[in-house]
Every structure is written in structure tokens, then in C-alpha cells.
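As C-alpha cells, the structure follows; a few thoughts come after it.
There are 2 protein chains.
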Amino acid sequence: MISSIAELIADRLGTMPASERRAAQTLIASYPMIGLKTVAEFSAAAGVSSPTILRFVARLGFQNYPEFQSSLQDELAAQLQSPATRTLNPPSPGGGTVSPMLEATLDNMRETFRHLSDKQLADIAARLADRRGKTFLIGGRFTDPLARYMAAHLAIIQPDVFHLAGQESMWRDRLIDMGKRDVLVIFDIRRYQDSLVRFAEKAHQRGVQIVLFTDQWLSPIARFARHVIAGRTAVPSAWDSSAALFVVAETLIGAVTRQLEAKGAKRIREMESLR
Amino acid sequence: MISSIAELIADRLGTMPASERRAAQTLIASYPMIGLKTVAEFSAAAGVSSPTILRFVARLGFQNYPEFQSSLQDELAAQLQSPATRTLNPPSPGGGTVSPMLEATLDNMRETFRHLSDKQLADIAARLADRRGKTFLIGGRFTDPLARYMAAHLAIIQPDVFHLAGQESMWRDRLIDMGKRDVLVIFDIRRYQDSLVRFAEKAHQRGVQIVLFTDQWLSPIARFARHVIAGRTAVPSAWDSSAALFVVAETLIGAVTRQLEAKGAKRIREMESLR
DNA sequence: CAAAATACGTAACATACGATACAGCGCTCC
DNA sequence: GGAGCGCTGTATCGTATGTTACGTATTTTG
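Chains as they are written, first to last, in UniProt numbering: chain A, 1 to 275; chain B, 1 to 275.
Shown next as C-alpha cells:
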């Protein structure tokens, strides 16, 4: 059953020509506000011509544009009156494949942060913002992108940030560069990778401070880590979810940025002038 | 301070003539829907004449009726999207200090999925699971890790999955390998990268099906995309958040895996025996 | 109570909006 | 490679919509 125009669009998206699909996607992207404006504005936002917009609403089954707008307004009015029914997409009863995934992910995040105090985060951020040493980041098979993501941001706001990539032999040799003042950020969830554990141990022996992102079962690296962030990873899927760790990473990136700004780091001001 | 039109009306209600007050009360009664309709409908609902409505909005300080309607729409859009007003409903469960960053991120995810139907995701998953062509993934400066993450998973459950990395000249030449049956997954959020746009355009000309992950303002690549996923990226930080897109990516990975399992792909069974 | 000022609606007006006809273009299928 | 079809934008048209002028009704004030 189709109860909202958004659903109707999703349903017929496949049968639409390219330009009309652009219109549809533009509408969905900022649903439903664009649809309440004039045809001219709608078409400009979508980058198509006005007739295309009209053909688009015609395809959805409306006689004319005002009728289409009325429907949107009615829908909006209904939503405003019952905030509970705020969900645009129906709760996907029964065999819904998406919502359980999202719900689980959101739960994971809440749970992850519940076990993570502001102080912990602030401490780690302070460590990362302390620019007397270098920062190295590395991840496992599936978590390496998280290390990359974090490195991409940190490298902008401070110097000496290195993502360790490629073959094991490549980064193993970088151990020579690491010392007491340096920080090593490791992402490792099951199945924990032996190579990473060995690497972490050697780094630990050299006095490197290790920040570990892992799952709730804790990678063996936790043994060597100065800071451990345990994220929830369980979702109804064949794979584990790294989303909670991702959010923690983003939070940390934000916290480090803020601390450096507070310190009045010259680099930050320079960066902002460049943006 | 007056922040909404409703407040503005309440403020000046006392200074209004009888008919205009009727108009005001009618608007408040079913705020703000009546205001979005035509002057004629508004006047009929209030039981006054059209000029009275016009005088009413003029008294509120608007130059003309369309300007008044635009303000209402902006207000509505802000309500629909801002987490601030929504915190009225779920009063921040759990006690104490939850980072505003997390709250914003969770809202972004809910909002992103609110604009994303099961059917859309299923369609995209079906496209990715359709193994008659190759799959290429690429991302921008900060989103490339997302492309990597997705590639790392997809490459396991099916052949011919390629992450395009390195210098622009490197992947630009891969266009030669791309054709109608192939899929190109692009991650691009602002600031949108020209190189990616150009790449997408060329791929599009070759008939490649493009799946675009972008932010709510839509990368120009949306023009060429077969499927567009618009994620929310705003967080209280110096950086945009890719967390919502990350979760969508994970959801898609899960969906593709399930579809391939359902198809009874030999590869999947082999994989499972290896885990 | 008279006279003025304000409030309000009717009716004519101009504009901007949605709708339509048509031509150019690309694509698919013989 | 040619013919046909579907998609898309340009230009034009009719009209619904917001706007304004003006006359009547109502209230206010000396």
C-alpha cells in the first residue's frame, strides 16, 4: 500500500526517464519543501525544464500541479498533527530488511557512547592534539578505511600524521620512526589480525602510546593500549558494523580540532583562511 | 526575541482590526497550513475578503503575499529538519552528558533514512548484485575511505569489484574498461570535487550506471546518476559528518550480501566455509 | 449629533504562473 | 544504416492569482 507521495515516487522511480528522475531525486533530497514552491523554482533546483516537472507530477497520477501541491500539503499537515507518525517510511513491518539494520546501528551507537565518558574522549583528544610527537594510524582488513578517514582529517589540522598502508612489510619498518612521544591509533575488530597484534606489541615496547578502537570483545591489543574504545558492532547482517566506531572517530576528530583551535594553533587559522 | 511567525502574530494581535484578527486566529488555528494556500482559500476559511488577508500580512511586515508564504515555508523546513525542535519529543534518554555531536549524528541518520525507502535500497542492491558487469568505487578527499570500506566487503562476495585509488590520472584511464553493464559508485560531498564530476560525466557518456552517495545539497554528479542517496552531514563540528552515508553503505553491503545469498551464489557458500 | 477617520468589501487590473504545442535530438530496433 | 519512437527543452498561450483603486459601512471624536 502506498500512503505517501515519497513512497509513490520511490515506487515509480525505475520507470521514469532520466530528467524526471532528476526531478524526483531533487524532491526526495529535500522532501517535501521544493514541491511546495513554484514549478519554475522546482525546475531550476532540479536543473531541468518546467515541462519536465509537470510531466513528472503527471506521471505520479496528478491532474495538475496545484493538485500535487495540495497532496503534499495534506501530507505535511497530517505529519504536523501527529508527531509520532513522523516516520516518512513506514516502520517496515515484518520482513523489512532495512529498519532493523538502522535500529541496531543506532542502538550500537547509544550503547557505545554510554560506556564512553566525556572525560575519556577529552583525554584521548588531548593526547592526539599534543603536538610534541607524531601520530600514526593503522587498521585491519575492514577497518583500515576508518584509519584513513581519521588520518585524512587529522593530517590537515596538524603535521606529522601518517596513515600506515600497504603491505605489512611496508609499515613494519616504520617502527623505527616511533618513540615515546608518538601516538599509534589502531582499529582492530574481529577477527583480530595477528599482524596488527604483533605490530602493536612492538610499538608498545618502544614506548609508543596506543589508542585502540575495537569491538566489545576487545582485541588482544587492548593489553598494550593506553586508551581503549570499545564499540558495539553487532547488527542483523552477515557482517559486523563499524558504524559506531566511525562515529567515535568523527567525534574525536571534532574534539581534537576544537582543542587545537582553543590553543590558537596557527595552522588552524591558516587552514580556515584557505577554506 | 521573535523567532516564528506565530509569535509575531501573537505579539501584534492586540493592535489588529476585527477582520484581520479573524484572519490571524484562523491561521493560528491550523498553523501554518492555511498560510500556504492561496489568498482566496485563506480568505474563505477566515470568512473575510482577500484584501483583508493582504492587509493582514502587510501588517506583519511582509512586502507581499508570496514573501509571507516563503517565510512560512522556511520555518516549516527548519522544523522538519532541525534536531532542536525534535528534542521536544524524545527528551534525551539516559542521564547526563551526551555529546551534542552524537545527538546530531543520530538525527542525521534518522533523517537520511527517512528520505530513503526500502525500495530504493533494494533497487540499488539489486543493481550491485547483478553480476553481469563490473563494479567500480571511488570517493572524494574525505569520502574515499567509505568507497574503500564498501569495496573491501563487496570484493569478497563477488568478483570484479574495483576501488579506484591514487592519482586522478590513474583512475581516469580505467574509463576504458567501463561499459553499459558496469556500475560506478561515487562518494561526493561538498566541497564537490571537479575531478570527480568530470570523471562521472565521462563514465556516464560511456553508459555506465552511476550510484551516487552525496549530501543533501546534491553533488552536481546527481545529474548523471542513476541512483542518488542524499545523506545528512551537518554536525556541530568544524567538519561535515559522513557517518550517515557510512551507515547507508553498510546497509547496502548487507542487502547485497543477502540478495546474493538468496540467489544461492556459489561464491557465498565458499566464502562462508572459509570463515 | 455631525463630521471625520478608519475599516472592509466589490470589482477591475496586471502579472506571474501553470499548461500546451511543437521542434530538435538521441536512442533503439529493424 | 535508415526509420520510428520517446524524451526533452523553447516558445507561446490562457488563466488563476495577487494586487490595487474605490465606494460603502462602521466606528470614533469634538
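For each residue, glycine too, the CB sits at the ideal point set by N, CA and C.
On a predicted model such as this, the values are computed, not experimentally measured, just so you know.
Shown here, A:I189 sits in coil according to DSSP, grouped into three states, outside any helix or strand. Taking B:G179 as reference, the option from B:A165, B:F136, B:R148 with the minimal CA-CA separation is B:F136. Counting along the chain, the unbroken beta strand (DSSP E) around A:D215 starts and ends at 209-215.
Taking the Cα positions, A:E111 is about 52 angstroms away from B:A58. A straight-line Cα-Cα distance of about 41 angstroms links A:L27 and A:I186. For A:G140, the CB contacts under 8 angstroms within the same chain, skipping 5 residues up- and downstream, are F187, D188, I189, Y192, Q193, L196 in chain order. B:T257 sits in a helix when the DSSP states are folded into three classes. Taking a C-beta cut-off of 9 angstroms against chain A, the contacting residues of the segment 138-149 of chain B are R141, F142, T143, D144, P145, L146, A147, R148, Y149, listed in chain order. Taking each of A:V161, A:S99, A:Y149, A:R206 in turn and checking the Cα distance to A:I176, the smallest one comes out for A:R206. Annotated as distal: A:T105 and A:S219, with beta-carbon spacing of 7 angstroms or more. The alpha carbon of A:L128 has as its nearest neighbour, out of A:I253, A:A165, A:R198, A:R267, the alpha carbon of A:I253.
A:M16 is outside the set of residues whose beta carbon lies under 7 angstroms from a beta carbon in chain B. Sequence-distant Cβ neighbours of A:S49 in its own chain, meaning closer than 7 angstroms and more than five residues away, are S43. A:E250 belongs to the set of residues whose beta carbon lies under 7 angstroms from a beta carbon in chain B. Counting every other CB atom within 10 Å of its CB across the protein chains shown gives A:M150 a total of 16 or more, marking it as buried. Look at A:G35 here: in three-state DSSP terms it is helix. Residues of the segment 108-136 of chain B with a Cβ closer than 8 angstroms to any Cβ of chain A, in chain order: M109, R110, F113, R114, H115, L116, S117, D118, K119, Q120, L121, A122, D123. If you compare the alpha carbons of A:D173, A:D11, A:V161 with that of A:R131, the shortest gap goes to A:V161.
Per DSSP, A:L116 is not a residue of any alpha helix (DSSP H), being assigned neither H nor E.
When DSSP reads this structure, B:G139 sits in a beta bridge with B:F187. In summary, the residues of the segment 189-222 of chain B whose CB is separated from some CB of chain A by less than 7 angstroms are Q216, L218, A222, in the order they occur in the chain. For A:A203, the uninterrupted alpha helix (DSSP H) run begins and ends at 194-205, by DSSP. Residue contact check for A:F246 against chain B: a CB pair falls below 7 angstroms. Interface flag for A:T105 against chain B is set, since a Cβ pair is found closer than 7 angstroms. With fewer than 16 other CB atoms across the displayed protein chains lying within 10 angstroms of its CB, A:M170 is exposed. The three-state reading of DSSP puts B:F42 in helix, counting H, G and I together.
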